[in-house]
Structure formats: structure tokens, C-alpha cells
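In what follows, a single structure is set out as C-alpha cells and then discussed.
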Amino acid sequence: MRLRRMKRGSPLLEGEGQGEVCASSGEDAKRPNEGAIHREPLPRPVVCWLPDRLPLPLQASGKGRRRPGDPSGGVPHLTPTLSFQERGHARGFLALIASVTFAVSAVATEIPPGERRSGFDAMAPETRAMQEDDTSNPGMLWVQDGAELWAQPPSPGKPACAGCHGAAEAGMRGVAARYPAFDARSGRPIDLQGRINTCRREHQGAEPLALEGRDLLSLAAYVANQSRGSAVAPPADPRLDPARAQGRALFTARMGQLGLSCAACHDDNHGRRLGSATIPQGHPTGYPLYRLEWQGLGSLGRRLRNCMTGMRAEPFAAGDPEAIALEAYLMQRAAPLLIETPAVRP
Ligand code: HEC
Ligand code: HEC
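Residue numbers for the sequence shown follow our numbering, so the first one is 2 and each next one is one higher.
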């Protein structure tokens with residue numbers, strides 16, 4: 002396995018001054034050509050430390066990324082909390098590098114099934130309340146859009162999702178809990194979004210929907226919402242084992258300029274503070290989910306790119322097989338927690 006994300010000693014680190022303005026394509030940039038599952042890797046992101054802030058990839062163009070302190074286009078009453086949190090995150094990551102007490106064990110210990118906890122448990126009461134009440138959960142707007150798309154033919158004469166699958170409440174129940182799954186046609190694991198796009202291509206004669214685009218997120222949220230309350234149930238399919246092993250190797254490998262692994266935070270230091278955030282165990286039980294910092298719905302892939310940018314590692318491109326492998330391992334690591342889609346997270 003290739004670990005091309007090791008970027009120690011790259012000129013980035015030396016060249017960056019505090020507050021220096023550097024720019025590039027961020028991991029969050031909306032990419033107009035994000036249609037296909039297979040894509041060229043993202044150009045290497047340039048990340049800069051702004052004083053007192055998260056390392057934010059600055060976008061040269063594109064829309065959708067809320068800048069800290071900019072209340073436009075979002076949920077206005079949440080904005081002050083957000084900038085506070087972002088400042089907290091930044092201090093956290095910086096403190097982390099300096100910290101000698103941050104326990105990084107040589108061999109990461111997996112969390113036993115009985116001790117697995119959703120990120121929901123560590124959230125502030127207001128954020129939990131927002132997730133639990135469908136009338137205040139902003140993710141439900143995407144779920145409603147997904148319900149419309151489910152019933153709508155992609156073009157005249159082509160079957161709607163509902164045309165083949167019937168009512169999603171029956172046909173899609175529990176489905177999201179067992180993705181990523183092995184796709185015999187392509188001979189590799191696919192996640193739920195990949196599966197939906199396969200149906201678009203093969204059963205609807207339509208173009209695949211853009212990854213991270215509103216339509217695919219809405220359909221995925223609608224389908225996954227049918228599994229809310231179902232326990233994560235990774236398929237006992239040995240064809241997934243190589244991907245899960247690769248995902249585990251990625252999870253425990255040090256990557257990026259800070260020399261951190263995912264496990265260093267999510268296995269060894271969950272429950273500890275990182276600035277104003279509490280490090281969760283990192284279970285993908287609520288995706289796609291509404292993140293207050295995004296002011297929108299996003300996929301698990303996007304969440305992983307956020308963590309990788311924080312680690313100053315080169316983030317995975319959307320739909321990258323390594324990202325799917327990591328997702329397959331994360332789902333196994335999360336079982337038997339319950340699906341929460343659409344979850345809300347800070
Ligand atoms: C022409 C019929 C047809 C249409 C239209 C269709 N599908 Fe499918 N879908 C299938 C079949 C058949 C399967 C089983 C796997 C296979 O053979 O491709 C499937 C499988 C799935 C699965 C995986 C189910 C599982 O248990 O793993 C999901 C999720 C799904 N479809 C979602 C959708 C969505 C969302 C749409 C609309 C965008 C859609 N499908 C449109 C026929 C269809
Ligand atoms: C420096 C510590 C750190 C590292 C390293 C890190 N993360 Fe995270 N991760 C966090 C924090 C903090 C959050 C929660 C942020 C928030 O929502 O406020 C988080 C959130 C997550 C979540 C979302 C959980 C949920 O409830 O939705 C997942 C999944 C995740 N991380 C996976 C990973 C993976 C995979 C890696 C390695 C590629 C990784 N993280 C590396 C700190 C870290």
C-alpha cells in the first residue's frame with residue numbers, strides 16, 4: 002500500500018508565516034466537474050495558518066464555503082458560536098503539536114463494541130435538540146428534496162427510483178447501515194452515493210450525479226434516513242476484507258506534516274478537548290449530515306477531508322478508492338451504533 006500522503010519536510014511548512022495569505026483549491030471547494038466517480042486527484046492543497054484560526058484552505062474561486070465571521074447564507078443565530086469554535090479548534094491543533102501530554106501510543110487500541118459512542122453524545126444540549134427534532138433539524142430539508150427526487154423520473158420515459166424500488170420506507174430500510182458494500186460489476190467496494198450513481202447509470206440511463214452536489218446528497222440523505230435507528234451492520238462479505246484492512250492501515254498510519262494518525266485522536270484521545278471541541282470517537286453514523294461549520298449538508302468524504310486538512314495531510318479526492326476503504330473500516334469500527342441520518346454536528 003502506498004502512503005503518498007506523507008508530506009514531512011515539504012516547503013509548505015517552512016514557507017508559511019502566520020497570517021500570510023496563501024491560496025489554493027481547498028478540500029471543500031465545490032468543483033464544477035465533479036461528476037464521475039473516478040476523478041483525477043485533487044491538486045495538492047495549500048493550507049495556511051491564519052492567526053488564531055483553523056488552517057483554512059483558501060479558495061481562489063467557487064462557492065459554498067462560509068468564511069469565518071461571515072453570517073451570510075447561513076443560520077444567523079449560530080454564527081457567533083461558530084467563529085468561537087473555529088478559534089478554539091485552531092488553538093487546539095496548535096496546542097496539540099506543542100503538547101507533551103497528548104498520549105500517542107505506539108499501537109492504537111481499538112475501542113471495544115460496548116464502549117463505542119456516537120459523536121452525538123458529546124454535543125452541546127442545544128445541538129442535540131436540533132438533531133432530535135425534525136422540525137428544527139436543517140438536514141431534513143435535504144431529506145425532503147431527496148423524497149421528491151426519488152419519485153421523479155430523471156427524464157421522460159425513464160423510470161424513477163420509486164418506479165423500481167417502490168416506497169423507500171419499505172425498500173430502503175436498513176440499506177445504508179450495510180454500506181460500503183462490494184459491487185460485483187466494478188469488482189470493488191462502493192459507498193451509498195456510488196450505489197445511487199450506479200442506478201442512475203445502469204437503470205435510469207442518466208448521467209451520474211455530482212459528488213457533493215445537492216441532488217446526490219439529498220438522495221443519499223433520503224435513503225439513509227430510512228435506516229435511522231438501525232444498527233450499523235457491515236456486510237460479512239470477505240470480498241470487503243482487503244478494503245477494510247487497507248482502511249485500518251490508513252487509520253493507524255501517521256500522515257501529514259503533523260505526523261498524526263486518525264487513531265491518535267479517535268482511538269487514543271477521544272473525550273479530550275481540542276480547543277473548544279471534544280474529540281469524538283469518530284464514528285460515521287450520521288452521514289450525510291448537517292454541520293454547523295459548513296452551514297450545509299456534507300458527506301462523510303467531506304468530513305474526512307476536513308480532518309486530513311487539519312492534520313495537514315493531502316486529503317482524498319471525492320470517491321477515491323482509499324476514501325471508500327477508510328469508510329468501510331470506519332463502519333466496521335462503528336458497529337453496532339445506530340444510524341442517525343441526518344445528524345447535526347458542530
Ligand atoms: C430500473 C430499475 C431501477 C431504478 C430506476 C433504480 N434502481 Fe436502484 N436498484 C435496482 C436494482 C436491480 C438493484 C439491485 C442491485 C443491482 O442489480 O443493480 C438496485 C439497488 C439499489 C440500492 C442498493 C440496495 C441494497 O440493498 O444494497 C440502492 C440504495 C438503490 N438501488 C437506490 C436507487 C436510487 C436512489 C434510484 C434513483 C436515483 C434507483 N435506485 C433507481 C434497480 C433500479
Ligand atoms: C487532531 C485530532 C484529529 C485527527 C488526527 C483526526 N480527527 Fe477526526 N475529528 C477530530 C475532531 C475534533 C472532530 C470533531 C469536530 C467537530 O465536529 O467539532 C473530528 C470528527 C471526525 C469524524 C466525524 C464524527 C461524527 O460524529 O460525525 C470522523 C468520521 C472523523 N473525525 C474521522 C477521522 C479520520 C478518518 C481521521 C484520519 C484521516 C481523523 N478523523 C483525524 C479530530 C481529529
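Yeah, the Cβ is synthetic: ideal placement off N, Cα and C, and Gly gets one too.
- By the neighbour-count criterion, in which 16 or more other beta carbons inside 10 Å mark a residue as buried, C266 falls on the buried side.
- Following the DSSP letters along the chain, one finds P190 inside the beta strand (DSSP E) bounded by residues R189 to I191.
- Ranking D135, L218 and W151 by CA distance to the CA of Y288 puts L218 first.
- Judged by the Cβ position, G120 qualifies as a neighbour of ligand 2 at the 8 Å threshold, a heavy atom of the ligand being closer than this.
- Separation of R306 and L259 (C-alpha to C-alpha, rounded to the nearest whole angstrom) is 15 Å.
- Residues of the same chain with a CB within less than 6 Å of the CB of D184, apart from the 5 flanking positions on each side, are I191 in chain order.
- Between R174 and S228, the C-beta spacing is below 9 Å.
- Note on the segment 137-177: whole alpha helix (DSSP H) runs with a minimum of 4 residues are 140-152, 162-166 and 169-172, in chain order.
- Annotation note: the segment 240-286 contains the following uninterrupted alpha helix (DSSP H) runs of length 4 or greater, listed N- to C-terminal: 242-253 and 263-267.
- Shown here, F183 sits in a strand according to DSSP, grouped into three states.
- In the assembly as shown, D242 is an exposed residue. Its beta-carbon has fewer than 16 other beta-carbons within 10 Å.
- For the 9 Å CB-CB criterion, A244 and R189 form a contact.
- Checking the 8 Å criterion, the Cβ of E127 is out of range of every heavy atom belonging to ligand 2.
- Taking each of L298, P114, A152 and A232 in turn and checking the Cα distance to G214, the smallest one comes out for L298.
- G257 is positioned such that its CB atom lies no closer than 9 Å to that of E294.
- For A221, the secondary structure class from DSSP, reduced to helix, strand or coil, is helix.
- With a cutoff of 8 Å, W143 does not count as near ligand 1, since its C-beta is closer than that to no heavy atom of the ligand.
- If the five residues before and after N226 are omitted, its C-beta is found closer than 7 Å to the C-beta atoms of V144, T342 and P343, all from its own chain and listed in chain order.
- Taking C-beta atoms as the reference points, A254 and P347 fail to come closer than 9 Å.
- Annotation: R292 is outside any alpha helix (DSSP H); the continuous beta strand (DSSP E) that includes it extends over L290 to R292.
- In the structure shown, R229 adopts coil according to DSSP, grouped into three states.
- Residue pairing by DSSP places G297 opposite R292 in a beta bridge.
- Judged by DSSP secondary structure, E323 falls within the alpha helix (DSSP H) whose first and last residues are P322 to A335.
- In this structure, DSSP gives R117 a state outside helix and strand, which the three-state scheme calls coil.
- Nearest to R179 by alpha-carbon distance, out of A246, A232 and D122, is A232.
- When secondary structure is reduced to three states using DSSP, L338 falls in the coil class, being assigned neither helix nor strand.
- By the neighbour-count definition (other C-beta atoms within 10 Å, threshold 16), E328 is a buried residue.
- About 16 Å separates the beta carbons of P285 and P114, which is beyond the 8 Å limit, so they are not a contact pair.
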